[in-house]
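**Student:**
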Amino acid sequence: MKLYVILLIIAAPQAFSRKNAEGRIREHVFNQPGYSPRERPVLNASDPVDVKLEVLIYAMVDLNEKDQTVTTASWITLTWRDERLTWDPNEFEGSDNVVVYFDEIWTPSIVLTHAMVLDGMQVVAADRGTIKLYYDGSVDLGGPYVQTTQCQMIIYYFPFDTQTCLLSFSPENQSTKDMNFTATTSPQPSNIVSNQWELLSFSAANYQVDVESHETLQTYQGAVFFFTLKRDPNYYITTIVIPSTLLCLMSFATFLAPPDSGERIGLGVSMVLGLTVFQLLVTNILPTASKNGPLISSYLTNTFVLSCLAVPFSLFNIIIAYGDSKISVLKRPRFRKLLLETLPRLLFLTTYRERVEEEFGIVSKDSDIVTMATVEELPTNKVQPMQTIPATISETLSYLEKILFTE
Numbered sequence: 005m006k007l008y009v010i011l012l013i014i015a016a017p018q019a020f021s022r023k024n025a026e027g028r029i030r031e032h033v034f035n036q037p038g039y040s041p042r043e044r045p046v047l048n049a050s051d052p053v054d055v056k057l058e059v060l061i062y063a064m065v066d067l068n069e070k071d072q073t074v075t076t077a078s079w080i081t082l083t084w085r086d087e088r089l090t091w092d093p094n095e096f097e098g099s100d101n102v103v104v105y106f107d108e109i110w111t112p113s114i115v116l117t118h119a120m121v122l123d124g125m126q127v128v129a130a131d132r133g134t135i136k137l138y139y140d141g142s143v144d145l146g147g148p149y150v151q152t153t154q155c156q157m158i159i160y161y162f163p164f165d166t167q168t169c170l171l172s173f174s175p176e177n178q179s180t181k182d183m184n185f186t187a188t189t190s191p192q193p194s195n196i197v198s199n200q201w202e203l204l205s206f207s208a209a210n211y212q213v214d215v216e217s218h219e220t221l222q223t224y225q226g227a228v229f230f231f232t233l234k235r236d237p238n239y240y241i242t243t244i245v246i247p248s249t250l251l252c253l254m255s256f257a258t259f260l261a262p263p264d265s266g267e268r269i270g271l272g273v274s275m276v277l278g279l280t281v282f283q284l285l286v287t288n289i290l291p292t293a294s295k296n297g298p299l300i301s302s303y304l305t306n307t308f309v310l311s312c313l314a315v316p317f318s319l320f321n322i323i324i325a326y327g328d329s330k331i332s333v334l335k336r337p338r339f340r341k342l343l344l345e346t347l348p349r350l351l352f353l354t355t356y357r358e359r360v361e362e363e364f365g366i367v368s369k370d371s372d373i374v375t376m377a378t379v380e381e382l383p384t385n386k387v388q389p390m391q392t393i394p395a396t397i398s399e400t401l402s403y404l405e406k407i408l409f410t411e
């Protein structure tokens, strides 16, 4: 009886301290003699480590045309094999995987070569993602990754533009002798969630660079992911294109007002001021570029110039109608015909002939004979005493042109 009690006391601590399958796997793989997480996970030191990278873009955070940067959110997966960390699942209750921590296992050092934020350069970090170890030594590291990178943008066709940006990854100071680095896109299709952008394509490409170091030629590998984005122009059409076009058309609508109304100049200046305020408002929306600026900027500038020209044109029109001094260009018959006959017909306005017929009561019949002409309404300082009005409409118009536009 005493011997049974003694054996029970000795076996009790071992029974209560018995670990589960995960704990025994961790003890089996990490407490083996000579294991160090700082060493490359290969049994033969001359063999490289095969590391594969997969990227899945799932959200567009920001695209800044002024700073030429793009911020995306993606899911990154790194896979490799640690030949030292293997076990037989049958010896551990069939457990074939276990979650491990960053300080317990070797992890590759991968950097985002053109990151704009220093904290975002290191792809593998202790606070980013989890590591799962499988019984055959396979290791999966996956987690979300938000990065801001430089993106050279072509904004000439803004807002009807498409932009192609890239994500460039490379092992940190490890040549192909130490690491065989390859990258592929995720089998799950990428789909950017954004109100303004649509993802058209996403692809990956691997490359090699030869660098001479310590009088030897070293080969380094890298991977580039290309993604093409298409902008939705509806917002800019409704806030920029349509309002600026309407303001420009309203500036020329001032010509529909009669010259004697006194509202042409005031309305034209109001449209110019309105377009000026509009230009200031859209300055922060339009992207800037030192070369090949957006085409819509040229469009807005042209609309502003046209609106400004409407004011002097209105003044010129008023001078023609009510000015006391002669307009020298109207003394030439060809210019008179162009300004008083041709242009009004092209603009669907009343011609000079039609206005004279209406103003002075000239009524024509079949033989183009004048039946009535009120000479009293002609300028008194122009009509000479005992001067008679010609009989035909053409002769009457020539007479009126002579006294109105010549000395």
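In our numbering, the protein residues as written are 5 to 411. Heads up, the beta-carbon is just placed ideally off N, CA and C, and yes, glycines get one too.
According to DSSP, simplified to helix, strand and coil, what is ILE158?
**Tutor:** As a working note, residue 158 is residue 154 in the sequence shown. In the structure shown, ILE158 sits in coil (DSSP, three-state: anything other than H, G, I, E or B).
**Student:** In this structure, how does DSSP classify THR392 when only helix, strand and coil are distinguished?
**Tutor:** One-based indexing of the sequence shown puts residue 392 at position 388. With a pLDDT of only 47 at THR392, under 50, the local geometry of the prediction cannot be trusted, and no value is derived from it.
**Student:** Which same chain residues end up closer than 6 Å to LEU382 when comparing Cβ atoms and leaving out the 5 residues on each side of it in sequence?
**Tutor:** Within the sequence shown, residue 382 is the residue found at index 378, counting from 1. For LEU382, the predicted model reports a pLDDT of 46, less than 50, meaning its position is unreliable and no value from the coordinates is stated.
**Student:** List the endpoints of the continuous alpha helix (DSSP H) containing ALA130.
**Tutor:** Numbered from its first residue, the sequence shown carries residue 130 at position 126. Note, ALA130: premise wrong, no alpha helix (DSSP H); not H, not E.
**Student:** So for ASN210, helix, strand or coil by DSSP?
**Tutor:** Along the sequence shown, read from residue 1 onward, the residue named residue 210 stands at position 206. In the structure shown, ASN210 sits in a strand (DSSP, three-state: E or B).
**Student:** Rounding to the nearest angstrom, what Cα-Cα distance links THR189 and ALA208 in this structure?
**Tutor:** Taking the sequence shown and counting its residues from 1, the one referred to as residue 189 is at position 185. Taking the sequence shown and counting its residues from 1, the one referred to as residue 208 is at position 204. C-alpha separation (whole angstroms): 6 Å.
**Student:** Can you list the beta strand (DSSP E) stretches of 3 or more residues lying completely in the stretch 161-229, in chain order?
**Tutor:** Whole beta strand (DSSP E) segments, 3+ residues: 166-175, 183-189 and 201-217.
**Student:** By Cβ distance, which residues of its chain are closer than 6 Å to PRO348, with the 5 residues on each side in sequence left out?
**Tutor:** Taking the first residue of the sequence shown as 1, we reach residue 348 at position 344. Closer than 6 Å at Cβ, skipping near neighbours: THR355.
**Student:** Rounded to whole angstroms, what is the Cα-Cα separation between VAL128 and VAL115?
**Tutor:** Position 124 of the sequence shown, counted from the start, is the residue given in the question as residue 128. Position 111 of the sequence shown, counted from the start, is the residue given in the question as residue 115. Answer to the nearest angstrom: the Cα atoms are 8 Å apart.
**Student:** Can you tell which of VAL59, THR75, PRO337 and LEU351 has its C-alpha closest to the C-alpha of TRP201?
**Tutor:** Position 197 of the sequence shown, counting from 1, holds the residue named residue 201. Minimum Cα distance to TRP201 is reached at THR75.
**Student:** By alpha-carbon positions, which one of THR168, GLU216 and VAL213 ends up nearest to LEU203?
**Tutor:** Stepping through the sequence shown from its first residue, residue 203 is reached at position 199. Ranking the options by Cα distance to LEU203, first place goes to THR168.
**Student:** With a threshold of 6 Å on Cβ separation, who are the neighbours of LEU47 within its own chain once the five nearest residues in sequence on each side are excluded?
**Tutor:** On the sequence shown, position 43 is the one that residue 47 refers to. Closer than 6 Å at Cβ, skipping near neighbours: GLU87.
**Student:** Leaving aside the five residues before and after LEU67 along the sequence, list all residues of the same chain whose C-beta is less than 6 Å from its C-beta, in chain order.
**Tutor:** Locating residue 67 in the sequence shown gives position 63, where the first residue counts as 1. Contacts found: VAL74.
**Student:** What three-state label does DSSP hand ASN24 in the structure shown?
**Tutor:** Reading the sequence shown from its first residue, position 20 is the one you call residue 24. Three-state DSSP puts ASN24 in coil, outside helix and strand.
**Student:** Name the residue from ASP92, SER174, LEU253 and PHE320 whose alpha carbon lies nearest to the alpha carbon of GLN126.
**Tutor:** Here residue 126 refers to the residue found at position 122 of the sequence shown. With distances taken between Cα atoms, GLN126 lies closest to SER174.
**Student:** Just grab the DSSP bridge partners of LYS136 for me.
**Tutor:** If you number the sequence shown from 1, residue 136 lands on position 132. Answer by DSSP bridge pairing, in chain order: VAL103 and ASP144.
**Student:** Closest to PHE308 by CA distance: which of VAL33, ASN321 and GLY272 is it?
**Tutor:** Working through the sequence shown from its first residue, we reach residue 308 at position 304. Among VAL33, ASN321 and GLY272, the Cα nearest to that of PHE308 belongs to GLY272.
**Student:** Decide if GLU95 is buried, meaning its Cβ has at least 16 other Cβ atoms within 10 Å, or exposed.
**Tutor:** Taking the sequence shown and counting its residues from 1, the one referred to as residue 95 is at position 91. By the 10 Å Cβ count, GLU95 comes out exposed.
**Student:** For VAL276, which residues of its own chain have a beta-carbon under 6 Å away from its beta-carbon, when the five flanking residues on both sides are left out?
**Tutor:** The sequence position of residue 276 within the sequence shown is 272, counting from 1. SER311 and CYS312.
**Student:** Nearest to VAL65 by alpha carbon, out of THR134, VAL150, GLU267 and ASP107?
**Tutor:** Within the sequence shown, the letter at position 61 stands for residue 65. The candidate whose alpha carbon is nearest that of VAL65 is VAL150.
**Student:** What's the call for GLU411, buried or exposed, on a 16-neighbour Cβ count within 10 Å?
**Tutor:** Taking the first residue of the sequence shown as 1, we reach residue 411 at position 407. For GLU411, the predicted model reports a pLDDT of 49, less than 50, meaning its position is unreliable; a value from the coordinates is still stated below. Label assigned to GLU411: exposed.
**Student:** Quick one: give me the first and last residue of the alpha helix (DSSP H) that ASP246 is part of.
**Tutor:** On the sequence shown, position 242 is the one that residue 246 refers to. Correcting the residue type first, residue 246 is Ile in the shown sequence and not Asp. 246-256 is the extent of the alpha helix (DSSP H) around ILE246.
**Student:** What residue range does the beta strand (DSSP E) around MET64 cover?
**Tutor:** The residue given as residue 64 occupies position 60 in the sequence shown. Segment 53-68, the beta strand (DSSP E) holding MET64.
**Student:** What three-state label does DSSP hand LEU299 in the structure shown?
**Tutor:** Locating residue 299 in the sequence shown gives position 295, counting from the first residue. Three-state result, LEU299: helix.
**Student:** Are at least three pairs of beta-carbons, each pair with one atom in the stretch 133-140 and one in the stretch 105-113, less than 8 Å apart?
**Tutor:** Segments in contact, yes.
**Student:** Would you call the stretch 139-147 and the stretch 157-167 in contact, with 3 or more CB pairs under 8 Å?
**Tutor:** No: fewer than three Cβ pairs fall under 8 Å.
**Student:** Tell me the DSSP secondary structure of ASP370 in three-state form.
**Tutor:** Translated into the one-based positions of the sequence shown, residue 370 becomes position 366. For ASP370, the predicted structure reports a pLDDT of 41, less than 50, and the residue's modelled location is therefore unreliable. A value from the coordinates is still provided. Note: ASP370 maps to coil in three-state DSSP.
**Student:** Thinking C-beta only, is THR111 closer than 8 Å to SER179?
**Tutor:** Here residue 179 corresponds to residue number 175 of the sequence shown, with the count starting at 1. Here residue 111 corresponds to residue number 107 of the sequence shown, with the count starting at 1. Contact: no.
**Student:** Hey, how far is the Cα of ARG268 from the Cα of LEU170?
**Tutor:** Within the sequence shown, numbered from 1, the residue matching residue 268 stands at position 264. Within the sequence shown, numbered from 1, the residue matching residue 170 stands at position 166. Cα to Cα, ARG268 sits roughly 54 Å from LEU170.
**Student:** State the Cα-Cα distance for the pair THR287 and PRO52, rounded to the nearest angstrom.
**Tutor:** Position 283 of the sequence shown, counted from the first residue, corresponds to residue 287. Position 48 of the sequence shown, counted from the first residue, corresponds to residue 52. Roughly 54 Å separates the two Cα atoms.
**Student:** Could you check whether SER172 and HIS118 sit closer than 8 Å to each other, using their CB atoms as the reference points?
**Tutor:** Here residue 118 is taken as the residue at index 114 of the sequence shown, counted from 1. Here residue 172 is taken as the residue at index 168 of the sequence shown, counted from 1. Result yes, Cβ atoms of HIS118 and SER172 sit closer than 8 Å.
**Student:** GLN151 by DSSP, collapsed to three states: which one?
**Tutor:** Taking the first residue of the sequence shown as 1, we reach residue 151 at position 147. Correct three-state label for GLN151: strand.
**Student:** Tell me where the alpha helix (DSSP H) around ARG338 begins and ends.
**Tutor:** Here residue 338 corresponds to residue number 334 of the sequence shown, with the count starting at 1. Unbroken alpha helix (DSSP H) run through ARG338: 337-341.
**Student:** Excluding the 5 residues flanking ARG42 on each side, which residues of the same chain have their C-beta closer than 8 Å to its C-beta?
**Tutor:** What you label residue 42 is simply residue 38 of the sequence shown in a count that begins at 1. Around ARG42: TRP110.
**Student:** Could you name the residues of the same chain whose beta carbon sits closer than 6 Å to that of GLU176, not counting the 5 residues immediately before and after it, in chain order?
**Tutor:** Here residue 176 corresponds to residue number 172 of the sequence shown, with the count starting at 1. Excluding residues within five positions, the ones whose Cβ falls inside 6 Å are SER113 and VAL115.
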